[in-house]
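In the numbering used here, the protein residues as written are 10 to 264.
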(Lines of atoms letter the chains of each structure in order from A; the text may use other names.)
(Lines give C-alpha, C1' and ligand atoms only; values in the text may rest on other atoms or scores of the structure.)
Protein backbone atom coordinates (compact mmCIF):
# COMPACT_ATOMS: atom_id res chain seq x y z
CA UNK A 10 0.00 0.00 0.00
CA UNK A 11 0.96 3.63 -0.53
CA UNK A 12 0.09 6.87 1.24
CA UNK A 13 -1.39 9.64 -0.88
CA UNK A 14 -0.65 13.34 -0.48
CA UNK A 15 -3.56 13.89 1.93
CA UNK A 16 -2.68 10.83 4.03
CA UNK A 17 -5.21 8.43 2.46
CA UNK A 18 -4.05 4.83 2.20
CA UNK A 19 -4.05 3.56 -1.38
CA UNK A 20 -4.01 -0.18 -1.96
CA UNK A 21 -2.47 -1.78 -5.01
CA UNK A 22 -1.89 -5.25 -6.44
CA UNK A 23 1.71 -6.16 -7.28
CA UNK A 24 2.11 -9.14 -9.60
CA UNK A 25 5.41 -10.81 -10.43
CA UNK A 26 6.98 -14.20 -11.07
CA UNK A 27 9.20 -15.85 -8.47
CA UNK A 28 10.90 -13.80 -5.77
CA UNK A 29 10.07 -10.19 -4.99
CA UNK A 30 11.67 -8.21 -7.83
CA UNK A 31 14.33 -5.56 -7.40
CA UNK A 32 14.73 -2.65 -9.82
CA UNK A 33 12.91 -4.28 -12.73
CA UNK A 34 10.79 -2.74 -15.50
CA UNK A 35 7.36 -2.21 -13.95
CA UNK A 36 4.03 -1.41 -15.60
CA UNK A 37 1.52 0.47 -13.43
CA UNK A 38 -2.10 0.35 -14.57
CA UNK A 39 -4.96 2.51 -13.32
CA UNK A 40 -8.38 3.90 -14.14
CA UNK A 41 -9.85 5.87 -11.24
CA UNK A 42 -13.27 6.87 -12.51
CA UNK A 43 -16.99 6.17 -12.91
CA UNK A 44 -17.04 3.95 -9.79
CA UNK A 45 -15.36 1.13 -11.74
CA UNK A 46 -13.46 -1.30 -9.53
CA UNK A 47 -10.15 -2.82 -10.57
CA UNK A 48 -9.93 -6.31 -9.11
CA UNK A 49 -7.59 -9.26 -9.74
CA UNK A 50 -8.13 -11.18 -12.95
CA UNK A 51 -6.33 -13.50 -15.32
CA UNK A 52 -4.49 -11.75 -18.17
CA UNK A 53 -2.70 -14.32 -20.30
CA UNK A 54 -1.01 -11.75 -22.52
CA UNK A 55 0.38 -9.80 -19.57
CA UNK A 56 1.78 -13.03 -18.24
CA UNK A 57 3.45 -14.12 -21.46
CA UNK A 58 4.66 -10.72 -22.68
CA UNK A 59 5.60 -9.14 -19.35
CA UNK A 60 5.69 -11.35 -16.26
CA UNK A 61 7.57 -14.23 -17.90
CA UNK A 62 10.43 -11.81 -18.55
CA UNK A 63 10.81 -11.19 -14.84
CA UNK A 64 9.08 -7.80 -14.92
CA UNK A 65 6.41 -6.51 -12.51
CA UNK A 66 2.80 -5.52 -13.13
CA UNK A 67 0.82 -3.31 -10.75
CA UNK A 68 -2.87 -2.39 -10.53
CA UNK A 69 -3.68 0.69 -8.42
CA UNK A 70 -7.00 1.08 -6.57
CA UNK A 71 -7.10 4.87 -6.66
CA UNK A 72 -9.99 7.14 -5.75
CA UNK A 73 -12.59 7.66 -8.44
CA UNK A 74 -13.06 3.91 -8.70
CA UNK A 75 -15.60 1.80 -6.85
CA UNK A 76 -13.32 -0.48 -4.85
CA UNK A 77 -14.49 0.90 -1.51
CA UNK A 78 -18.01 1.99 -2.39
CA UNK A 79 -19.67 5.20 -3.61
CA UNK A 80 -17.68 7.48 -1.32
CA UNK A 81 -14.41 6.26 -2.89
CA UNK A 82 -15.79 7.33 -6.27
CA UNK A 83 -17.18 10.64 -5.05
CA UNK A 84 -13.86 11.55 -3.45
CA UNK A 85 -12.41 12.28 -6.92
CA UNK A 86 -15.29 13.96 -8.74
CA UNK A 87 -15.00 17.30 -10.51
CA UNK A 88 -12.91 19.77 -8.46
CA UNK A 89 -11.53 16.81 -6.46
CA UNK A 90 -10.21 15.04 -9.56
CA UNK A 91 -6.65 15.70 -8.52
CA UNK A 92 -7.09 13.21 -5.67
CA UNK A 93 -7.08 10.32 -8.18
CA UNK A 94 -3.89 11.62 -9.73
CA UNK A 95 -2.17 12.13 -6.39
CA UNK A 96 -3.12 8.55 -5.47
CA UNK A 97 -1.61 7.16 -8.65
CA UNK A 98 1.58 9.15 -8.20
CA UNK A 99 1.82 7.89 -4.63
CA UNK A 100 1.70 4.27 -5.81
CA UNK A 101 4.43 4.95 -8.36
CA UNK A 102 6.65 6.58 -5.74
CA UNK A 103 6.02 3.73 -3.32
CA UNK A 104 7.21 1.19 -5.89
CA UNK A 105 10.41 3.19 -6.34
CA UNK A 106 10.97 3.69 -2.61
CA UNK A 107 10.53 -0.04 -2.00
CA UNK A 108 13.20 -0.76 -4.62
CA UNK A 109 10.89 -2.76 -6.87
CA UNK A 110 11.67 -0.41 -9.74
CA UNK A 111 13.25 2.95 -10.51
CA UNK A 112 11.80 5.98 -12.23
CA UNK A 113 13.60 5.18 -15.48
CA UNK A 114 12.08 1.67 -15.46
CA UNK A 115 8.58 2.64 -14.33
CA UNK A 116 5.82 2.94 -16.97
CA UNK A 117 2.15 3.77 -16.58
CA UNK A 118 -0.72 2.69 -18.77
CA UNK A 119 -4.39 3.58 -18.95
CA UNK A 120 -7.22 3.77 -21.45
CA UNK A 121 -10.29 6.00 -21.88
CA UNK A 122 -10.69 7.71 -18.49
CA UNK A 123 -7.47 5.90 -17.68
CA UNK A 124 -5.97 7.66 -20.70
CA UNK A 125 -6.89 10.94 -19.04
CA UNK A 126 -5.21 9.64 -15.89
CA UNK A 127 -1.90 8.85 -17.58
CA UNK A 128 -2.17 11.97 -19.71
CA UNK A 129 -2.09 13.85 -16.43
CA UNK A 130 0.92 11.82 -15.33
CA UNK A 131 2.63 13.09 -18.48
CA UNK A 132 1.94 16.73 -17.69
CA UNK A 133 1.97 16.67 -13.86
CA UNK A 134 4.96 14.48 -13.05
CA UNK A 135 6.88 13.66 -16.25
CA UNK A 136 10.08 13.05 -14.29
CA UNK A 137 8.48 10.05 -12.55
CA UNK A 138 8.09 7.87 -15.62
CA UNK A 139 10.34 6.02 -18.00
CA UNK A 140 7.48 5.60 -20.50
CA UNK A 141 3.73 6.19 -20.77
CA UNK A 142 1.04 4.41 -22.82
CA UNK A 143 -2.08 6.52 -23.30
CA UNK A 144 -4.90 4.59 -24.99
CA UNK A 145 -8.18 5.92 -26.48
CA UNK A 146 -7.82 8.91 -24.16
CA UNK A 147 -9.63 12.06 -23.18
CA UNK A 148 -7.06 14.86 -23.32
CA UNK A 149 -8.77 18.08 -24.43
CA UNK A 150 -11.13 18.76 -21.54
CA UNK A 151 -12.19 22.13 -22.95
CA UNK A 152 -14.06 20.46 -25.78
CA UNK A 153 -14.76 16.97 -24.47
CA UNK A 154 -18.48 17.70 -24.05
CA UNK A 155 -18.74 18.55 -27.77
CA UNK A 156 -17.29 15.24 -28.96
CA UNK A 157 -19.33 12.01 -29.21
CA UNK A 158 -20.52 10.79 -25.78
CA UNK A 159 -18.62 13.45 -23.83
CA UNK A 160 -21.65 15.44 -22.70
CA UNK A 161 -22.80 12.45 -20.65
CA UNK A 162 -19.68 12.64 -18.46
CA UNK A 163 -20.20 16.09 -16.99
CA UNK A 164 -21.25 14.52 -13.69
CA UNK A 165 -17.76 13.05 -13.48
CA UNK A 166 -15.59 15.94 -14.68
CA UNK A 167 -17.73 19.07 -14.69
CA UNK A 168 -18.97 21.40 -17.43
CA UNK A 169 -16.20 23.38 -19.16
CA UNK A 170 -18.75 25.89 -20.49
CA UNK A 171 -19.36 27.12 -16.93
CA UNK A 172 -16.43 29.47 -16.15
CA UNK A 173 -16.08 28.50 -12.49
CA UNK A 174 -16.01 24.80 -13.47
CA UNK A 175 -13.53 25.35 -16.28
CA UNK A 176 -11.27 26.92 -13.65
CA UNK A 177 -10.71 23.48 -12.10
CA UNK A 178 -11.23 21.37 -15.23
CA UNK A 179 -8.35 23.06 -17.03
CA UNK A 180 -5.97 21.93 -14.28
CA UNK A 181 -6.50 18.32 -15.38
CA UNK A 182 -6.73 18.93 -19.13
CA UNK A 183 -3.43 17.50 -20.46
CA UNK A 184 -3.78 19.22 -23.81
CA UNK A 185 -3.82 22.58 -22.07
CA UNK A 186 -1.18 21.71 -19.47
CA UNK A 187 1.60 20.87 -21.94
CA UNK A 188 4.64 23.09 -21.49
CA UNK A 189 7.37 23.31 -24.13
CA UNK A 190 9.90 24.16 -21.41
CA UNK A 191 9.47 20.79 -19.68
CA UNK A 192 11.04 17.47 -20.54
CA UNK A 193 8.60 14.63 -21.21
CA UNK A 194 9.17 10.86 -21.17
CA UNK A 195 8.57 8.68 -24.22
CA UNK A 196 4.84 8.31 -24.79
CA UNK A 197 2.70 6.11 -27.03
CA UNK A 198 -0.79 7.36 -27.88
CA UNK A 199 -3.22 4.86 -29.39
CA UNK A 200 -6.73 5.44 -30.68
CA UNK A 201 -9.28 4.22 -33.23
CA UNK A 202 -10.74 6.08 -36.19
CA UNK A 203 -14.10 4.48 -35.41
CA UNK A 204 -14.13 5.06 -31.68
CA UNK A 205 -17.75 6.07 -31.00
CA UNK A 206 -17.18 6.95 -27.34
CA UNK A 207 -13.98 8.99 -27.03
CA UNK A 208 -13.22 10.90 -30.22
CA UNK A 209 -9.80 10.21 -31.79
CA UNK A 210 -9.34 13.99 -32.02
CA UNK A 211 -8.16 13.95 -28.40
CA UNK A 212 -5.10 11.85 -29.22
CA UNK A 213 -4.55 13.45 -32.63
CA UNK A 214 -4.47 16.98 -31.22
CA UNK A 215 -2.20 16.02 -28.34
CA UNK A 216 0.35 14.43 -30.65
CA UNK A 217 0.22 17.42 -33.01
CA UNK A 218 0.86 19.83 -30.16
CA UNK A 219 3.71 17.75 -28.78
CA UNK A 220 5.28 17.53 -32.22
CA UNK A 221 4.95 21.28 -32.66
CA UNK A 222 6.68 21.77 -29.29
CA UNK A 223 9.63 19.67 -30.42
CA UNK A 224 8.85 16.41 -28.64
CA UNK A 225 8.29 14.38 -31.81
CA UNK A 226 11.32 12.11 -31.41
CA UNK A 227 9.84 10.26 -28.43
CA UNK A 228 6.14 10.88 -29.10
CA UNK A 229 4.59 7.86 -30.82
CA UNK A 230 1.13 7.45 -32.32
CA UNK A 231 -0.97 4.54 -33.55
CA UNK A 232 -4.50 4.90 -34.92
CA UNK A 233 -6.35 1.78 -36.00
CA UNK A 234 -9.05 2.48 -38.58
CA UNK A 235 -11.37 -0.11 -37.00
CA UNK A 236 -12.15 -1.42 -33.55
CA UNK A 237 -14.27 1.22 -31.85
CA UNK A 238 -13.44 2.19 -28.28
CA UNK A 239 -11.78 -1.17 -27.74
CA UNK A 240 -9.17 -0.24 -30.33
CA UNK A 241 -9.26 -3.55 -32.26
CA UNK A 242 -11.97 -5.49 -34.08
CA UNK A 243 -10.10 -8.73 -34.89
CA UNK A 244 -7.58 -10.94 -33.16
CA UNK A 245 -4.95 -9.93 -35.71
CA UNK A 246 -5.51 -6.25 -34.94
CA UNK A 247 -5.40 -6.94 -31.20
CA UNK A 248 -2.16 -8.88 -31.60
CA UNK A 249 -0.63 -6.03 -33.58
CA UNK A 250 -1.63 -3.31 -31.11
CA UNK A 251 -0.44 -5.35 -28.12
CA UNK A 252 2.86 -6.02 -29.86
CA UNK A 253 3.28 -2.29 -30.41
CA UNK A 254 2.59 -1.64 -26.73
CA UNK A 255 5.07 -4.17 -25.41
CA UNK A 256 7.77 -3.36 -27.95
CA UNK A 257 7.45 0.28 -26.94
CA UNK A 258 7.94 -0.71 -23.29
CA UNK A 259 10.85 -3.05 -24.06
CA UNK A 260 12.56 -0.29 -26.03
CA UNK A 261 12.40 2.39 -23.38
CA UNK A 262 12.39 0.53 -20.06
CA UNK A 263 14.67 -2.45 -20.53
CA UNK A 264 17.91 -0.55 -21.04
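We put the beta carbon where it would ideally sit given N, CA and C, even for glycine.
DSSP, reduced to helix, strand and coil, places residue 208 outside both helices and strands of the structure shown, so it counts as coil. Beyond the five residues adjoining it in sequence on each side, residue 14 comes within less than 6 Å, by CB distance, of 95 in the same chain, given in chain order.
In this structure residue 145 is in contact with residue 240, their Cβ atoms being roughly 6 Å apart against a cut-off of 8 Å.
Segment contact: the stretch 160-169 against the stretch 106-115, fewer than three CB-CB distances shorter than 8 Å; contact not assigned. Residue 191 and residue 135 have their C-alpha atoms roughly 8 Å apart.
Take residue 99, set aside five residues on each side of it, and the residues of its chain with a beta-carbon closer than 8 Å to its own are 11, 12, 13, 14, 19, in chain order.
Just so you know, the alpha carbons of residue 152 and residue 141 end up roughly 23 Å apart.
The three-state secondary structure of residue 48, taken from DSSP, is coil. For residue 145, there is no enclosing beta strand (DSSP E), since its DSSP letter is neither H nor E. Counted as a single uninterrupted DSSP element, the beta strand (DSSP E) harbouring residue 119 occupies residues 115-120.
Three or more Cβ pairs closer than 8 Å define a contact, and the stretch 19-30 meets that threshold against the stretch 59-76.
Spanning the alpha carbons of residue 39 and residue 203 requires a straight line of approximately 24 Å. Annotation for residue 32: 108, 109, 110, 111, 114 place their beta carbon closer than 8 Å to its own, counting only its chain and skipping 5 residues before and after. Contact between the stretch 183-199 and the stretch 125-139 is present: 3 or more CB-CB pairs across the two stretches fall below 8 Å. Separation of residue 46 and residue 72 (C-alpha to C-alpha, rounded to the nearest whole angstrom) is 10 Å.
Under DSSP, residue 19 forms a beta bridge with 11.
Judged by pairs of C-beta atoms under 8 Å, the stretch 42-60 touches the stretch 79-87, as three or more such pairs exist. Around the Cβ of residue 159, a 10 Å sphere holds 16 or more other Cβ atoms; the residue is buried.
When the Cα atoms are used, residue 206 and residue 148 turn out to be separated by approximately 13 Å. The alpha-carbon of residue 200 is positioned some 13 Å away from that of residue 242.
Residue 215 is positioned such that its CB atom lies no closer than 8 Å to that of residue 178. Cβ atoms of residue 181 and residue 238 stay farther apart than 8 Å, at about 21 Å. Under the rule that a run must span 3 or more residues, the beta strand (DSSP E) segments found entirely inside the stretch 52-124 read 65-69, 115-120.
In the DSSP assignment, residue 198 falls outside any alpha helix (DSSP H) and lies within the beta strand (DSSP E) extending over 196-201.
The Cβ atoms of residue 118 and residue 127 sit closer than 8 Å to each other. In terms of Cα proximity to residue 228, the closest of 197, 244, 247, 76 is 197.
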